[in-house]
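Read in this note's numbering, the sequence shown has 229 at position 225, and its numbers run on one by one without any break. Just so you know, even glycine gets a beta-carbon here, dropped at the ideal spot from N, CA and C.
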Amino acid sequence: MKQAVIANTGCPWGQQLHFYETVDSTNTQAKVLAKAGAPHGTVLLSAGQTGGRGRMGRQFVSPPGMGVYLSVVLRPQCPPAQLMHLTCAAAVAMCDAVEAVTGFRPGLKWINDLVGNGRKIGGILTELSVDTATGLTEYAVIGIGINCCQQLQDFPPELQTLAGSLAMVTGQPVSIAVLAGAMIDSLYRMSQELFDKASLLCRYRRDCITLGKQVVIHGQDGPIQGLATAVSEDGELCVTLPDGATVTVSSGEVSVRGLYGYI
Ligand code: BTN
């Protein structure tokens, strides 16, 4: 670990930044630091990850020098039920950061995928630990990976129909250091307005490209098809089924696919 070189934005969280040339997963390492007492706003950034993780046990391919792989430790003093919208809030913050740096605003595929030109360009993995004695959140870790520099041939063959990068979308090189700085700034601002749920969810819905689409929900009871109609105040997806019934799904339970592919 060493001090990172990122764009100096004056954000207070830059003071507590741990940089790794390589690490298994910044989220895994953030949880280790959080358990050892790392303060609110501790940021971990790695040039590459050997075991980058995504939702539902998936891998997040994280080749060195190709993207931003970043985690932040939060210590909100509240029950975990008040943080159901945390992934949505982080997702909007990442759209703000990417737009500020590149001029391009990603779409959000519910719940945690950043999308550009119909391809996944990034993802967010939020993990919470609860203090069983108090029932309050001990810490939350928000991990974000954004593909910056890859061209199609840089992705493993099995991802080549699905994955993209900011360079592919914008046709321009993207500075990992500048984007990392903007992401930290944006996460800091998000943390200050975290409990303004109505405003955060309103912004999430504007960016969410899943709304209004036919989707297939892959959950424990097999695939269900329906129309994605709303995102609740807790970040759940409301889907109207062909018989008119509405189901509400939370991110822990399901993955969502478009009718004909990824979105
Ligand atoms: C997903 O696509 O489901 C979420 C991907 C999250 C990847 C980021 S990269 C930084 C942090 N460390 C990890 O192991 N995962 C997150």
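Three-state secondary structure (DSSP) of Gln7: Any reading at Gln7 needs caution, since the residue's pLDDT is 46, under 50, leaving its predicted position unreliable; the model's value is listed next. The DSSP-derived three-state label of Gln7 is coil.
Answer yes or no: the CB of Tyr24 versus the heavy atoms of ligand 1, is any distance below 7 angstroms? Checking every heavy atom of ligand 1 against the Cβ of Tyr24, none is found closer than 7 angstroms.
Can you list, in chain order, the residues of its chain whose CB lies under 6 angstroms from that of Ala101, leaving out five sequence neighbours each side? Only Ala186, Met187 and Ser190 meet the Cβ criterion.
Using the three-state DSSP reduction, which class does Asn116 fall into: helix, strand or coil? In the displayed model, Asn116 falls within coil according to three-state DSSP, outside both helix and strand.
In the DSSP output, what is Gln229 paired with across the bridge? For Gln229, the beta-bridge partners assigned by DSSP are Val220.
Nearer than 7 angstroms: is that true of the beta carbon of Thr54 relative to any heavy atom of ligand 1? No, since every heavy atom of ligand 1 falls outside the 7 angstroms radius drawn around the Cβ of Thr54.
Helix, strand or coil: how does DSSP classify Arg109 here? DSSP, reduced to helix, strand and coil, places Arg109 outside both helices and strands of the structure shown, so it counts as coil.
Pick helix, strand or coil for Tyr266, following the three-state DSSP scheme. In the structure shown, Tyr266 sits in coil (DSSP, three-state: anything other than H, G, I, E or B).
Along the alpha helix (DSSP H) that carries Asn121, what are the first and last residues, could you check? Annotation: Asn121 is outside any alpha helix (DSSP H) and is labelled neither H nor E by DSSP.
When DSSP labels each residue in this structure, what does Gln345 get in the three-state scheme? Since the first residue shown for the chain is 5 and the last is 267, residue 345 is missing from the structure and cannot be characterised.
Per-residue burial, Cys15 [other beta carbons within 10 Å of its own, 16 or more giving buried]: Its Cβ being crowded by 16 or more others within 10 Å, Cys15 is buried.
Determine contact between the region 139-147 and the region 161-174, defined as no fewer than three beta-carbon pairs at a distance below 8 angstroms. These segments do not touch.
Got a sec: does ligand 1 put a non-hydrogen atom nearer than 7 angstroms to the Cβ of Phe64? For ligand 1, at least one heavy atom lies less than 7 angstroms from the Cβ of Phe64.
Put Leu183 into one of helix, strand or coil per three-state DSSP. Secondary structure of Leu183 (DSSP, three-state): helix.
Please find out if some non-hydrogen atom of ligand 1 comes closer than 7 angstroms to the beta-carbon of Leu132. Taking 7 angstroms as the cut-off, one finds no heavy atom of ligand 1 near enough to the beta carbon of Leu132.
To which residues of the same chain is Pro227 closer than 8 angstroms at the C-beta, ignoring the five residues directly before and after it? Its chain contains Val220 and Ile221 as the residues whose beta carbon lies nearer than 8 angstroms to that of Pro227, once the 5 sequence neighbours on both sides are disregarded; these appear in chain order.
Buried or exposed for Ala8, going by 16 or more other Cβ atoms inside 10 Å? Its pLDDT being 48, under 50, Ala8 is placed unreliably in this model, and the coordinates cannot settle the point.
beta-carbon Ile125 near ligand 1 non-hydrogen atom, thresh 7 angstroms: Ile125 has its Cβ no nearer than 7 angstroms to any heavy atom of ligand 1.
Hey, would you say the C-beta of Arg193 is under 7 angstroms away from at least one heavy atom of ligand 1? Short note on Arg193: C-beta not closer than 7 angstroms to any heavy atom of ligand 1.
Closest to Gln196 by CA distance: which of Pro80, Ile128, Ser66 and Val27 is it? Taking each of Pro80, Ile128, Ser66 and Val27 in turn and checking the Cα distance to Gln196, the smallest one comes out for Pro80.
Beta-carbon proximity check, Ser50 vs Thr26, cutoff 8 angstroms: With a cutoff of 8 angstroms on beta-carbon distance, Ser50 and Thr26 are scored as near each other.
Using 7 angstroms as the cut-off, classify the Cβ of Gly326 as near or not near the heavy atoms of ligand 1, replying yes or no. Residue 326 is absent from the model: the chain starts at 5 and stops at 267.
Look at the alpha carbon of Cys82 and the alpha carbon of Leu140, and state the distance between them as a whole number of angstroms. Note on geometry: alpha-carbon atoms of Cys82 and Leu140 lie some 5 angstroms from one another.
Using the three-state DSSP reduction, which class does Arg79 fall into: helix, strand or coil? Three-state DSSP puts Arg79 in coil, outside helix and strand.
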